[in-house]
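Going line by line, the protein sequences match chains X and E. For the first sequence, the working numbering gives the first residue as 271, with consecutive numbering after it. For the second sequence, the working numbering gives the first residue as 928, with consecutive numbering after it. As structure tokens, the structure follows; a few thoughts come after it.
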Amino acid sequence: MAEPTDERGSTGTTAGGPGRVLVAVYGIFTLAAGARAAVQLATRFSEAPVAYLLSAFAAVVYGVATVALARGRWRLALAACSVELAGVLAVGTLSLLDRAAFPDETVWSVYGQGYLFIPLVLPVIGLLWLRRSRPGARA
Amino acid sequence: MTPVLVVAVTVVAALLALAGLASTLARRRIGLLHLWAAAVLEALLVIQAVLAVAALVGGERPPDIPTFLGYLGGILLLPVAGVLWARSEPTRWAGTVLAVAAGAVGVMIWRLLQLWEATGG
Chain X
271 MAEPTDERGS
281 TGTTAGGPGR
291 VLVAVYGIFT
301 LAAGARAAVQ
311 LATRFSEAPV
321 AYLLSAFAAV
331 VYGVATVALA
341 RGRWRLALAA
351 CSVELAGVLA
361 VGTLSLLDRA
371 AFPDETVWSV
381 YGQGYLFIPL
391 VLPVIGLLWL
401 RRSRPGARA
Chain E
928 MTPVLVVAVT
938 VVAALLALAG
948 LASTLARRRI
958 GLLHLWAAAV
968 LEALLVIQAV
978 LAVAALVGGE
988 RPPDIPTFLG
998 YLGGILLLPV
1008 AGVLWARSEP
1018 TRWAGTVLAV
1028 AAGAVGVMIW
1038 RLLQLWEATG
1048 G
């Protein structure tokens, strides 16, 4: 059994195989959420400051998750995915309860309806993947 | 923004997505076919972007220009980023990475057309 075990070392564990697909999806959402938030904040911030700041916050969370997964920062990825799940549930619920506060679509509005509910499913898949790719002995 | 080009982009993106998923299902790495499909997709997107910018310069104005430009620039990055990210993946999952990028292009191109054709107010 001379199989090298370095492949599953401290970095890159979360970014290989299926994890690479996850990073790709997170990357796209970072781009989508970031661009959307940038436009909202730059052109009509005063219309709904809270909603647009949440939009920007979502973009940051996606960015952190993308980088953490890509570089194998397991704990940071866990934190980002957890915050993301909490965020999409909170904003999704708020956007249904108080439509006036969310006049414009954000990534997390109505649990990510505008994005085929991927924002709702993504953190769950992320957390499941993190459980599988957990660095065992090194943790 | 010509609908013909949008349809062409959609078709190539769909082919790339299918080829990517097929290689994952077949437990194979990506091959030349994938790279060519991605290259054709990127070429179509560049043509599309040049035409759109020319139309903007020519005086046509979609109602939400910042968002339109965001999509126009963002969509150009996807095939390139997808290929770069997939090429360094030695397993069968590289195909799915490309499929994800192609799927996003397929969605974004229609959103782009929508933004272009939307009438103000």
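Don't be surprised by glycine CBs; every beta carbon is placed ideally from N, CA and C.
1) For a test of the three-state rule: what should DSSP assign to X/Phe372, helix, strand or coil?
2) Could one say the Cβ of E/Leu962 lies closer than 9 Å to chain X's Cβ atoms, at least one of them?
3) Rounding to the nearest angstrom, what Cα-Cα distance links X/Arg343 and X/Trp399 in this structure?
4) Look at the alpha carbon of E/Gly947 and the alpha carbon of E/Glu969, and state the distance between them as a whole number of angstroms.
5) What residue range does the alpha helix (DSSP H) around E/Val1057 cover?
6) By the 8 Å beta-carbon criterion, what residues does the segment 996-1008 of chain E contribute toward chain X?
7) At a CB-CB cut-off below 9 Å, which residues of chain E make contact with X/Thr284?
8) Could you pull out every residue in the same chain whose Cβ sits closer than 6 Å to the Cβ of X/Phe372, ignoring the five residues on either side in sequence?
9) What do you get for E/Trp1037, buried or exposed, if any count of 16 or more other CB atoms within 10 angstroms of its CB means buried?
10) Is X/Asp368 closer than 9 Å to X/Glu317 when the C-beta atoms are compared?
11) Residues of chain E with a CB under 7 Å from the CB of X/Val309: which are they?
12) Where does E/Leu952 land, buried or exposed, given buried means 16+ other C-beta within 10 angstroms?
13) So what does DSSP say about E/Pro989, is it helix, strand or coil?
14) Measuring CB to CB, does X/Ala294 end up less than 9 Å from E/Val1010?
15) In whole angstroms, what is the alpha-carbon distance linking X/Gly396 and E/Val984?
16) Taking X/Gly297 as the query, report the chain E residues whose CB atoms sit under 8 Å from its CB, ordered along the chain.
17) Identify whether X/Leu323 lies in helix, strand or coil by the three-state DSSP scheme.
18) Considering X/Ser365, what are the terminal residues of the alpha helix (DSSP H) in which it resides?
19) Report yes or no: do three or more beta-carbon pairs, one from the segment 954-973 of chain E and one from the segment 1006-1023 of chain E, lie closer than 8 Å?
20) Taking only beta-carbon positions, decide if E/Gly1048 is within less than 9 Å of chain X.
21) Output yes if chain X places a C-beta closer than 9 Å to the C-beta of E/Thr1018; else output no.
22) Mind checking whether E/Leu1023 and X/Pro393 have CB atoms under 9 Å apart?
23) Going by C-alpha to C-alpha distance, which of X/Pro319, X/Ala312, X/Val309 sits closest to X/Ala370?
24) Can you grab the Cα-Cα spacing for the pair E/Asp991 / X/Ser403, in whole Å?
25) Mark X/Thr300 as exposed unless 16 or more other C-beta atoms lie within 10 angstroms of its C-beta, in which case mark it buried.
26) Please report whether the beta-carbon of X/Ala302 lies at a distance below 9 Å from any beta-carbon of chain E.
27) Please work out which residues of its chain come closer than 8 Å, Cβ to Cβ, to E/Pro930, disregarding the five sequence neighbours upstream and downstream, and give them in chain order.
According to the structure data:
1) Annotated three-state conformation of X/Phe372 is coil, per DSSP.
2) It does not: the Cβ of E/Leu962 has no partner Cβ on chain X nearer than 9 Å.
3) Looking at the two C-alpha atoms, the distance is approximately 13 Å.
4) Taking the straight line joining both Cα atoms gives about 16 Å.
5) Residue 1057 of chain E is absent from the model: chain E starts at 928 and stops at 1048.
6) Cβ contacts with chain X: Gly997, Tyr998, Gly1001, Leu1004, Leu1005, Ala1008.
7) Identification of chain E residues near X/Thr284 by a Cβ-Cβ cut-off of 9 Å yields none; the smallest Cβ-Cβ distance measures about 13 Å.
8) Ala321, Ser365, Ser379.
9) Its Cβ having fewer than 16 others within 10 Å, E/Trp1037 is exposed.
10) No, these two residues do not count as a Cβ contact at 9 Å.
11) Those are Pro993, Thr994, Gly997, listed as they occur along chain E.
12) The residue is exposed, with fewer than 16 neighbouring Cβ atoms inside 10 Å.
13) In the displayed model, E/Pro989 falls within coil according to three-state DSSP, outside both helix and strand.
14) Not closer than 9 Å, so no.
15) In this structure, the CA atom of X/Gly396 is about 43 Å from the CA atom of E/Val984.
16) Listed along chain E, the residues sitting closer than 8 Å to X/Gly297 by beta-carbon distance are Ala1008, Trp1012.
17) If DSSP states are grouped into helix, strand and coil, X/Leu323 belongs with the helices.
18) That run of the alpha helix (DSSP H) goes 344-367.
19) Yes, they touch.
20) With a pLDDT of only 41 at E/Gly1048, under the threshold of 50, the placement of this residue in the model should not be trusted; the figure read from the coordinates follows. Under the Cβ criterion of 9 Å, E/Gly1048 is not counted among the residues facing chain X.
21) Closer than 9 Å to some Cβ of chain X, the Cβ of E/Thr1018 qualifies, so yes.
22) The sequence shown places Thr at residue 1023 of chain E, rather than the Leu named in the question. No, these two residues do not count as a Cβ contact at 9 Å.
23) Measuring from the Cα of X/Ala370, the nearest candidate turns out to be X/Pro319.
24) A direct Cα-to-Cα measurement between E/Asp991 and X/Ser403 gives close to 42 Å.
25) Counting Cβ neighbours within 10 Å, X/Thr300 comes out buried, since at least 16 surround it.
26) Interface residue, yes.
27) The answer, listed in chain order, is Leu1040.
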